[in-house]
Structures are given as structure tokens and as C-alpha cells.
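Reading through the C-alpha cells given below for one structure.
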Amino acid sequence: MSDADELPNGSKRGKYDPDAEHAYPDERLNEVLAAIHEDPEINTYLKAQNVNAVTRKGYNDHGAKHIEIVRNRALRLYDLLKRGGVAFNGAADQGLEEADEAVIVALAATLHDIGHVVHRDDHSYYSIPLAADLLDRFLPQFYDTSETVRVKAEVLHAILCHHTEEEPLTKEAGVIRIADGLDMERGRSRIPYEKGGRGINTISSQAIERVTLHAGETKPVEVEIRMNNAAGVYQVDSLLKSKLERSTLEEQVRIVAVNTKDDAEDVLVERIEL
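For the sequence shown, our numbering begins at -4 and goes up steadily by one.
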């Protein structure tokens, strides 16, 4: 496993620790993650999908590193919500097992952006047929025909809802929608910034120093965003806010953005809460 598959306390995902606060068996997810890392078709898509986004359009990273971060944060978000007693409905509505919830989250996070190989515009819609074909090959190694269809349906629903006006109907889809917006740290915009890109997405991303997820005092999840410039407000108030809205998880996630700039006289924004 890579560092991106670590849990909030630093332990590796897939290692069942009965004494850990987040403890629940996830051997199935462990097997699926291993298969994802070893799958040549998936890994080629993750590299190829960055060509239209970064090379041709000059956008922030949408390749393998973005997917690694989104998957990591989606699974952390899922863990914290489960620990906070939030009931997920995607797998349950399909008659699947609880262990399949995290599998759906991991697969949707991995495949949500592959439509970029067709075009950046409307990429969520292009991701659906590409992911559907890939899942038809990938899932039978873990599920029978009926289970494959049902897991596939939930993964595709989560992919569709991550970047469109379509409303998420499951908590799993809501997790993907929010996690996609949580990849906002400055490293994501390094390539377009070094090439001279100064669009609002690039500048605002450069202002974000760190994003952390932990259990909240009043809600199951608190997301802390540390920024060093008021430009980071765009990432929080415009992009992330739109992801949180209609995610089905608005009442379970608290987002706090803090400006860490030392010069108090020049701080336009000290703190934002969603």
C-alpha cells in the first residue's frame, strides 16, 4: 500500500486492528485496492487523463496523483463518518454487504475522472461508458454476476454525481463529491503555475497549504484548511462549498478554513466556516 492509503491515525488500510477507534474488517477493500494498483489498464487511464486537463488545457492536476489524494480522502471521510454513526445507503439499498460500501467509494474515487481522455468539458458523462467497460472486466474477480451489476451501478452513480448537477442519492456518492473538492493544496497547481498559469484556480490553489480531516466535536467530520493568502477563499467558498451542498452530508461535515499569514495588518480573511 502507498502512503495515500493510510488512515487518520497513520495505520495502513486493510490491517484490521480491533483496538483502533475506526476498527471494522475491510479485507475485501484491501484486495480491491491491491488489484487497482496492479491493473495496467487503470493505471494507464490515470496517466492519460491528465493530457487534456494539464497538457492541453493548462488546468490543475487530474492525473494519478489527484486520484491518489481523492481516494485517500474519500476513504478517510468514509471511515470518520462510519465512526460517527452515519448510515450509508448505496450498498444497503442494493442488498450488498456493508464491506462493499468502502469498495464502491474506492472504485468511484479511482475512476471518476477517466472521461478526461475524451475531453475536459462534460468529462463526468464521458467517464460513465469508459468506467462501465472497465468495471465489467474488473469486478468479476470479486463478485458474482448479480453483485457485479449492483456494485457497478453504485460506482457509476457516484462518478456521475461528482461534478454535475445530478443530485447524489447515496452517502457513497456524497463522499466522492466532497473528496474531489478536498484536493486543493498547492502541489496540485504546481505544473500550470510553473508554466505561467495565473488563473483563479491556479492562484487560489497556491494559497492552500494543508488540508486535514479528523473527528469533529459537534459533527462526525471536521475538515481543516490552512491557507496563507486570501486567494484561497475561492477554493473554499466557491468550489468546495458547491461540492458540500446537496451532497447528502451537509449536516455531518464541518469545514473550517484558517488564514495562517503572520502579518495581521494584511490579513483580509482570518477564518471561514461552512
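Ideal Cβ positions, reconstructed from N, Cα and C, are used throughout, including at glycine.
Out of the options, which has the shortest C-alpha to C-alpha gap to residue i?
| i | options | result |
| --- | --- | --- |
| Leu70 | Ile220, Leu24, Lys214 | Leu24 |
| Glu162 | Arg145, Leu244, Glu93, Ala202 | Leu244 |
| Ile171 | Gln247, Ile62, His157 | His157 |
| Ala94 | Val27, Ile31, Ser141, Glu36 | Val27 |
| Glu63 | Gly211, Ile37, Leu235, Val218 | Ile37 |
| Ala282 | Asp88, His114, Val112, Ser119 | With the chain covering only -4 through 269, there is no way to say anything about residue 282. |
| Tyr121 | His111, Leu129, Gly211, Ala202 | His111 |
| Met179 | Gly169, Ile154, Leu155, Val206 | Val206 |
| Ala86 | Asp108, Tyr40, Arg66, Ala148 | Ala148 |
| Gly211 | Lys77, Gly53, Arg51 | Lys77 |
Count the other CB atoms within 10 Å of the CB of residue i; is the residue buried (16 or more) or exposed (fewer)?
| i | result |
| --- | --- |
| His272 | No answer is possible for residue 272: the residues shown for the chain start at -4 and end at 269. |
| Val216 | buried |
| Thr105 | buried |
| Lys42 | exposed |
| Ala18 | The predicted position of Ala18 is uncertain, since its pLDDT is 37 and thus under 50; no value can be drawn from it. |
| Gln136 | exposed |
| Gly80 | exposed |
| Asn254 | buried |
| Ile250 | buried |
| Ala82 | exposed |
| Ala252 | buried |
| Glu160 | exposed |
| Ala97 | buried |
| Asp74 | buried |
| Arg68 | buried |
| Ser333 | Given a span of -4 to 269 for the chain in the structure shown, any question on residue 333 remains unanswerable. |
Kindly identify the DSSP beta-bridge partner or partners of residue i.
| i | result |
| --- | --- |
| His209 | Glu217 |
| Met222 | Ile203, Asn254 |
| Arg68 | In DSSP, Arg68 forms no bridge with anything. |
| Val248 | Val216 |
Short check: CB of residue i to CB of residue j, under 8 Å?
| i | j | result |
| --- | --- | --- |
| Val146 | Leu72 | no |
| Leu164 | His152 | yes |
| His57 | Gln44 | yes |
| Leu235 | Gly176 | yes |
| Asn47 | His107 | no |
| Leu125 | Ile109 | yes |
| Asn84 | Lys166 | yes |
| Met275 | Glu240 | The question about residue 275 has no answer here: the residues shown for the chain are numbered -4 through 269. |
| Ala29 | Arg66 | no |
Is residue i near the ligand PLP, in the sense that its beta carbon is under 7 Å from a heavy atom of that ligand?
| i | result |
| --- | --- |
| Gln136 | Although the ligand PLP was asked about, the structure shown includes no ligands whatsoever. |
So residue i packs on residue j, CB below 8 Å; how close in whole Å?
| i | j | result |
| --- | --- | --- |
| Ile173 | Val248 | 7 Å |
| Ile154 | Ile123 | 6 Å |
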